[in-house]
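What follows is one structure encoded as structure tokens, with my remarks underneath.
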Amino acid sequence: MYPTELVNPMKAELTGKGFKELLSADEVDNALKQSGTARPGVVLAIQNAEKKPDQLLTSFAGYDLEAVNKLRTYLLPYPPSSPAIALLKDGKVVHMIERHMIEGRPAQMIAANLMQAFETYC
């Protein structure tokens with residue numbers, strides 16, 4: 000498990016931009032049962048997209064263990080990936096950005112990818 004002092008600033012960056020933190024399996028279930036969900040998202044895309052998901056949700060692998068384990072059941076057949084950004088519609092993954100698609104790419108490229116997905120699915 001990661002130290003709290005390392006994770007809290009990263010969590011605050013996302014929750015401060017409107018993301019709802021999911022800390023338990025029940026919270027993941029309840030959030031994903033509602034239509035139009037996104038997990039996790041990128042702030043730049045949210046700030047600039049015309050169309051946006053109905054919900055913005057976040058959980059941190061290596062820290063929010065119960066919630067992340069439950070969330071990963073919704074993301075199958077995608078393997079665990081951290082970081083990862085998933086867009087879900089009606090409880091199903093419609094767009095997934097895995098770690099290998101995030102690493103080494105600028106925020107603007109990730110935002111453009113998400114904004115295109117938002118335009119298509121939201």
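Using numbering that gives the first Met the number 0, the letters of the sequence shown correspond one by one to residues 0 to 121. Note that CB positions come from ideal geometry on N, CA and C, so glycine has one too. Treat the numbers as computed from the prediction; the structure is a model and nothing was measured.
Notebook entry, point to check: Given T14, which residues of its chain have a CB within under 6 Å of its CB, disregarding the five upstream and five downstream residues?
Noted result: E20
Next item on the list: Between the Cα of L64 and those of V93, I45, D25 and M100, spot the shortest distance and give me the residue it belongs to.
Entry: D25
Margin query: According to DSSP, simplified to helix, strand and coil, what is A85?
Written below: strand
Next item on the list: Decide if L113 is buried, meaning its Cβ has at least 16 other Cβ atoms within 10 Å, or exposed.
Entry: buried
Next item on the list: Return helix, strand or coil for E20, following the three-state DSSP convention.
Entry: strand
Check: To which residues does DSSP link I96 through a beta bridge?
Finding: I84
Check: Name the DSSP beta bridge partners of K91, please?
Finding: K88
Next item on the list: Spatial neighbours of V92 within its chain, please: CB distance less than 8 Å, with the 5 preceding and 5 following residues excluded, ordered by chain position.
Entry: Y73, L74, Y77, A85 and L86
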